[in-house]
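> Residue numbers (my numbering): 65 to 321. The beta carbon of each residue, even a glycine, is placed where N, CA and C say it ideally should be.
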Amino acid sequence: MSPSHPASEQPRVLAVIPARYASTRFPGKPLVDIEGKPMIQHVWERVRGVPAIERVLVATDNERIAQAARSFGAEVAMTSPAHPSGTDRMWEVAQTLPEFEWVLNVQGDEPFINPAHLQAALEGIQRFVGADIITLVTPIHTVGDWQEPNLVKAVLTAHGQALYFSRAPVPYHRDRPVGISELPPQGAYRHIGLYLYRRTALERFTQLPPSPLEQLEKLEQLRALEAGLMIYAAVVPEAPVGVDTPADLIRIRESLG
């Protein structure tokens, strides 16, 4: 565990946007058009809008994505095509930039990520003393969302430390089982897949093998918890609208008119 910086000292933050062309559910996703711009550009512009982030790179193994990113002014890092995850791709970039103490992983399929939410994660550097990883959650307001396995739930302490992440509806109120017409229990949070890593924690995480709980739930963050890394979460009002499938893109375009 490392101490946080004094309030007067601003740690150096690098943001990396991993982007790959090959996707089982949606090939070429970073380049799809949304209001006249490729999706990756929307993400990059929003990250660039946060003053505390010193440098922003698009990390990709695909030349089409690299060319598109350079065309709108992004800095690009070409990475190995062999990486099993975006986190590994991010660490390849971070290894070449040791001056950055914190590395922010922003997924390239969330074109409407709120810069204020990125700022909330960055403020966690001062707020969560000793955090290895900082992430985001938002309250769950409906039983349907609470019971939806595609929405990952987070269980937190009163001070924001993450105890567990699950696809199951947790925490469970034993004395008052939730019916479909009721509200989810207090303290039910949806996890938002954005991660701010202390550099040393990112290095350690990428060297760890997949853990038993990670393999059960198919949630990478459980590897960090099982290894004893401290994850803290800032609470934000809502989750960003992501694009996982072509159907998601159609809904977004329709909502934009």
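#1: Closest to Thr199 by CA distance: which of Pro213, His181, Arg110, Glu212 is it?
#2: For Ala123, tell me which candidate among Glu163, Pro162, Val96, Leu168 has the shortest Cα-Cα distance.
#3: Whether or not the region 159-179 and the region 217-237 are in contact is what I'm after, with contact meaning three or more pairs of Cβ atoms, one per stretch, closer than 8 Å; do they touch?
#4: Taking 8 Å as the threshold (C-beta atoms), are Val207 and Leu247 in contact?
#5: Assign Phe136 to one of two classes, buried (16 or more other C-beta atoms within 10 Å of its C-beta) or exposed (fewer than that).
#6: Between the region 205-222 and the region 105-118, can you find at least three pairs of beta-carbon atoms closer than 8 Å?
#7: List the DSSP bridge partners of Leu200.
#8: Compute the beta-carbon to beta-carbon distance between Ile256 and Pro175, rounded to the nearest angstrom, for a pair I have assumed lies under 8 Å.
#9: Along the chain, where does the beta strand (DSSP E) containing Val96 start, and where does it finish?
#10: Do you know how far the Cα of Arg119 is from the Cα of Ala141?
#11: Looking only at C-alpha atoms, which of Arg110, Glu278, Glu165, Val193 sits nearest to Leu266?
#12: On the CB-based measure, 16 or more other CB atoms within 10 Å of its CB, does Thr202 come out buried or exposed?
#13: Alpha carbon to alpha carbon, what distance is there between Pro145 and Gln250?
#14: How many whole angstroms separate the CB atoms of Arg153 and Thr143, which I take to be in contact at a CB cut-off of 8 Å?
#15: Mapping the DSSP letters down to three states, classify Val207 as helix, strand or coil.
#16: From Arg287 to Ile314, what distance separates their C-alpha atoms?
#17: Count the other CB atoms within 10 Å of the CB of Leu280; is the residue buried (16 or more) or exposed (fewer)?
#18: Please report the residue range of the beta strand (DSSP E) in which Glu139 lies.
#19: I'd like the list of long-range same chain contacts for Glu156, defined as Cβ closer than 6 Å, with 5 residues on each side in sequence excluded.
#20: Would you mind reading off the limits of the beta strand (DSSP E) that contains Arg119?
On the basis of the data shown:
#1: Numbered from 1 along the sequence shown, position 135 holds the residue referred to as residue 199. Comparing Cα positions, the closest option is His181.
#2: Here residue 123 corresponds to residue number 59 of the sequence shown, with the count starting at 1. Cα-wise, what sits closest to Ala123 is Leu168.
#3: no
#4: Locating residue 247 in the sequence shown gives position 183, counting from the first residue. Locating residue 207 in the sequence shown gives position 143, counting from the first residue. Against a cut-off of 8 Å, the Cβ pair of Val207 and Leu247 comes out as a contact.
#5: The residue you call residue 136 lines up with position 72 of the sequence shown. Phe136 should be labelled exposed.
#6: no
#7: Looking up residue 200 in the sequence shown gives position 136. DSSP lists Ile256, Ala298 as partners of Leu200.
#8: Along the sequence shown, read from residue 1 onward, the residue named residue 256 stands at position 192. Along the sequence shown, read from residue 1 onward, the residue named residue 175 stands at position 111. Rounded, the Cβ-Cβ distance is 14 Å, inconsistent with contact.
#9: On the sequence shown, residue 96 is found 32 positions in, with the first residue counted as 1. Premise fails: Val96 is in no beta strand (DSSP E) and is neither H nor E.
#10: By one-based count along the sequence shown, residue 141 stands at place 77. By one-based count along the sequence shown, residue 119 stands at place 55. Their Cα atoms are separated by approximately 12 Å.
#11: The residue labelled residue 266 in the question sits at position 202 within the sequence shown. Nearest C-alpha to Leu266: Glu165.
#12: In the sequence shown, the residue the question calls residue 202 occupies position 138. Answer is buried; the Cβ neighbour count reaches 16.
#13: The residue given as residue 250 occupies position 186 in the sequence shown. The residue given as residue 145 occupies position 81 in the sequence shown. The straight-line gap from Cα to Cα measures roughly 43 Å.
#14: Within the sequence shown, numbered from 1, the residue matching residue 153 stands at position 89. Within the sequence shown, numbered from 1, the residue matching residue 143 stands at position 79. 5 Å between Cβ atoms; contact.
#15: Numbered from 1 along the sequence shown, position 143 holds the residue referred to as residue 207. Residue state, collapsed to three classes: helix.
#16: Along the sequence shown, read from residue 1 onward, the residue named residue 287 stands at position 223. Along the sequence shown, read from residue 1 onward, the residue named residue 314 stands at position 250. Roughly 34 Å between the two C-alpha positions.
#17: Counting from 1 along the sequence shown, the entry for residue 280 is found at position 216. It counts as exposed.
#18: Numbered from its first residue, the sequence shown carries residue 139 at position 75. From DSSP, the beta strand (DSSP E) with Glu139 extends over 139-142.
#19: The sequence position of residue 156 within the sequence shown is 92, counting from 1. The answer, listed in chain order, is Thr143.
#20: Walking along the sequence shown from the start, residue 119 turns up at place 55. Here the beta strand (DSSP E) through Arg119 covers 119-124.
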